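Going by the numbering used here, the letters in the sequence shown line up with residues 310 to 541, in that order. For glycine and all other residues, C-beta sits at the position ideal for the given N, C-alpha and C. Here the structure is a predicted model, which is why all the values come from computation and not from measurement. Single-structure report; data block below.
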Amino acid sequence: MSTAAAMKQEVGKVAAQRVKSGSIVGLGTGSTTAYAIEYIGERLKNGELKDIKGIPTSFQASVLAKKFGIPLTSLDEADRIDLAIDGADEVDPNKNLIKGGGAAHTREKIVDSLANEFIVVVDSSKMVDKLGSTFLLPVEVLPMAMTPVMRAIANLGGEPELRMGVKKAGPVITDQGNFVIDVKFASIDNPAELEKTLNNIPGVLENGLFVGVTDVVLIGEVKDDKPMVREM
Ligand code: 5RP
């Protein structure tokens, strides 16, 4: 197992330990959260946890939840989300995030924002001083509005690029049937303002800036050749 995978596994395990019996859990998307989903399933199977329900943020999360035996519910049925566990592509010192590396940020923002506690699980490579320094900002857009949205983003000073599929010809299609535009901004000085400005462009569904949503960040690190978890 690579060092990055070992950090992700450890941090996923620690997050899964925070789930309590009887709770409704938001299940995030990505390779780090996948470990958390696996360990929640393991705790259910060995009887340590009882009466859990998951609310998935993507097809990936619902497929994994079914694989690991976690019963699912929906926002229509659940009256609350006790805890959400999700990954991130960048985390700044104020616990603000860029998400959407897996094109799931629209559903993730709905579920993560509704949770009473939102735990972010990352490896140490995701920590940045300023958002946008290592990762492009994902914006989900209705396909028919792609061109005017890209123009509006360019007018804001961004460099938009349509995300293309891997092992699929043409653009990435989100779980809602939309496109993703990844945007390079020279500098994101005010994430809260940019989040609102982008969402105000007609045709934009949601962008990957998560401002003021995170409660806890669990960071996987390697110390003396051993994976460790630090809390922020
Ligand atoms: C999906 C996401 C993921 O949480 C994010 O891309 C992190 O993924 P990983 O844990 O695989 O690094 O936002 O839309």
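Taking a contact to mean a Cβ-Cβ separation below 8 Å, would you say Gly-337 touches Ile-394 in this structure? A contact, by the Cβ cut-off of 8 Å.
Any heavy atom of the ligand 5RP closer than 7 Å to the Cβ of Glu-319? No.
List, from N- to C-terminal side, the beta strand (DSSP E) runs of 3 residues or more that fit wholly inside the segment 329-378. Runs found: 333-336, 362-365.
List the whole-angstrom C-beta distance separating Ser-332 from Lys-359, where the pair is believed to meet the contact cut-off of C-beta under 8 Å. Beta-carbon to beta-carbon, Ser-332 and Lys-359 are separated by about 10 Å, too far to satisfy the 8 Å threshold.
Measuring straight from C-alpha to C-alpha, what distance separates Asp-401 and Leu-518? For the pair Asp-401 and Leu-518, the Cα-to-Cα distance works out to about 11 Å.
When you compare the CB of Gly-378 with every CB in chain C, is at least one pair closer than 8 Å? The displayed structure is made up of one protein chain only, and chain C is not part of it.
Spatial neighbours of Ile-407 within its chain, please: C-beta separation below 8 Å, excluding the five flanking residues on both sides. So the qualifying residues of the chain are Ala-397, Asp-398, Glu-399, Leu-440, Gly-441, Phe-444, Leu-446, Pro-447, Gly-517, Leu-518, Phe-519.
Expressed to the nearest angstrom, what Euclidean distance is found between the alpha-carbon atoms of Gly-339 and Lys-505? Gly-339 and Lys-505 have their C-alpha atoms some 25 Å from each other.
Assign Asn-516 to one of three DSSP states: helix, strand, or coil. Note: Asn-516 maps to strand in three-state DSSP.
Do Ile-346 and Leu-353 count as a contact pair if the criterion is CB distance below 8 Å? With respect to the 8 Å criterion, Leu-353 and Ile-346 are not classified as neighbours on the basis of their beta carbons.
Could you give the residue range of the alpha helix (DSSP H) that holds Lys-505? In the DSSP assignment, Lys-505 falls within the unbroken alpha helix (DSSP H) covering 500-508.
Nearest residue (CA-CA) to Phe-377, options Gln-318, Ala-387, Lys-404, Tyr-344: The shortest C-alpha separation from Phe-377 is found at Tyr-344.
For Ala-393, the first and last residue of its enclosing beta strand (DSSP E): Per DSSP, Ala-393 belongs to the beta strand (DSSP E) from 390-395.
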